[in-house]
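Student: Quick note on numbering: our numbering labels position 13 of the sequence shown as 670, and the sequence is numbered without any gaps.
Questions regarding the structure given below will be posed in turn.
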Amino acid sequence: FVLPMAIGACTARGENIGTMAFGCVAFVALTPLITIQVLGIIHNHNVRKAARNFIALEDGLTEYEVDYVTETH
């Protein structure tokens, strides 16, 4: 679908079909790969942000330890 559309656009503009149309096809072929990489970067950023918020929340908590002493008579 993309290649005939790009060839038609190049013909209408009077440009070289070999370089312009196939460059468009290459870009369309790489778009899913680039999208997955960008989504991975966004996911890693969100995970690290959540971890930082959790650690900051955990630092504000106070833990109490109670030692139970059993007395024998």
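Just so it is clear, CB atoms sit at the ideal spot from N, CA and C, and this is done for glycine as well.
Pick from Arg670, Phe679, Glu672: whose alpha carbon is nearest that of Leu660?
Tutor: Position 3 of the sequence shown, counted from the first residue, corresponds to residue 660. Among Arg670, Phe679, Glu672, the Cα nearest to that of Leu660 is on Phe679.
Student: Work out the CA separation of Cys681 and Leu690 for me, nearest whole Å.
Tutor: Translated into positions along the sequence shown, residue 690 becomes position 33. Translated into positions along the sequence shown, residue 681 becomes position 24. Those two C-alpha atoms are separated by around 15 Å.
Student: So, are the CB atoms of Met677 and Ala663 less than 9 Å apart?
Tutor: The residue given as residue 677 occupies position 20 in the sequence shown. The residue given as residue 663 occupies position 6 in the sequence shown. Yes, these two residues count as a Cβ contact at 9 Å.
Student: Return helix, strand or coil for Gly671, following the three-state DSSP convention.
Tutor: Walking along the sequence shown from the start, residue 671 turns up at place 14. Residue state, collapsed to three classes: coil.
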